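Structure (structure tokens):
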């Protein structure tokens, strides 16, 4: 029964993601087969490392080579060798609308607090990341914890871009200024990244 659930779940995931991303039927089938192989191997107790690696390579290849489409994508992912892999899940989270009220309230809080920063908005961005990222436990490898925290910060910045894009009245100059403030609040500004 678990194998059947994995097979149908893999197919549903691949078809949903494929429709959203514009994959061909063959590409969706390949993703479904790769997800099925990786999960089935794990559930059935065999080493699925190669299957997971193949799935990751396939998804990266389907994502493409550039971290577009938003204003700060290249800045967020400037030192990454691959494409942004969080844009699809972030877009779905934003489209679901669950953070709309919290975002609007945080925008108003930051606008009226007089500090000129965006700490309330940054908290909303971090809350959103908990929906998208599996954080390692404290006893896991320190390098893994650092890597996941870095990806979480990038994903939070990606979420902010998506939320700004959903505000139809936002001007690119306003968006850039807003994102500059978020980079600063996150402690992750362009100069820091250039020095790393």
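Numbering (the UniProt record's numbering), first residue to last: 1 to 196.
By construction, the Cβ of each residue, glycine as well, lies at the ideal position given by its N, Cα and C atoms.
All figures in this text were calculated on a predicted structure; none of them were measured in a lab.
Asked	Found
Residue 136 by DSSP, collapsed to three states: which one?	coil
Does the separation of the CB atoms of residue 90 and residue 162 fall below 8 Å?	yes
Beta-carbon within less than 7 Å of residue 84's beta-carbon, same chain only, minus the 5 sequence neighbours each way: which residues are those?	67, 73, 77 and 158
Should residue 18 be labelled buried (16 or more other beta-carbon atoms within 10 Å of its own) or exposed?	buried
Assuming residue 125 contacts residue 160 under a Cβ cut-off of 8 Å, what Cβ separation, rounded to an integer in Å, is found between them?	5 Å
Does the segment 138-158 come into contact with the segment 176-188, if we say contact requires no fewer than three beta-carbon pairs (one atom in each stretch) closer than 8 Å?	yes
Thinking just about the alpha-carbon of each residue, which of 44, 117, 153 and 61 is nearest to the one in residue 1?	44
Count the other C-beta atoms from every protein chain shown that fall within 10 angstroms of the C-beta of residue 137, then say buried if there are 16 or more, exposed otherwise.	exposed
So, helix, strand or coil for residue 205, using DSSP?	Any question about residue 205 goes unanswered here, given that the chain covers just 1 to 196.
Identify the continuous alpha helix (DSSP H) that holds residue 51 and give its terminal residues.	49-63
Judging by CA-CA distance, which residue of 169, 142 and 87 is the nearest neighbour of residue 129?	87
Could you have a look at residue 196 and say whether DSSP puts it in helix, strand or coil?	Because residue 196 sits at a pLDDT of 40, beneath the cut-off of 50, its placement in the model cannot be relied upon, and the point is left open.
Do you know whose CA, among 50, 135, 105 and 47, lies nearest residue 149's CA?	135
Return the CA-CA distance between residue 166 and residue 113, expressed in angstroms with no decimal places.	24 Å
Following the continuous alpha helix (DSSP H) through residue 100, name the residue where it begins and the one where it ends.	100-112
Whose C-alpha, out of 141, 32 and 123, is nearest the C-alpha of residue 182?	123
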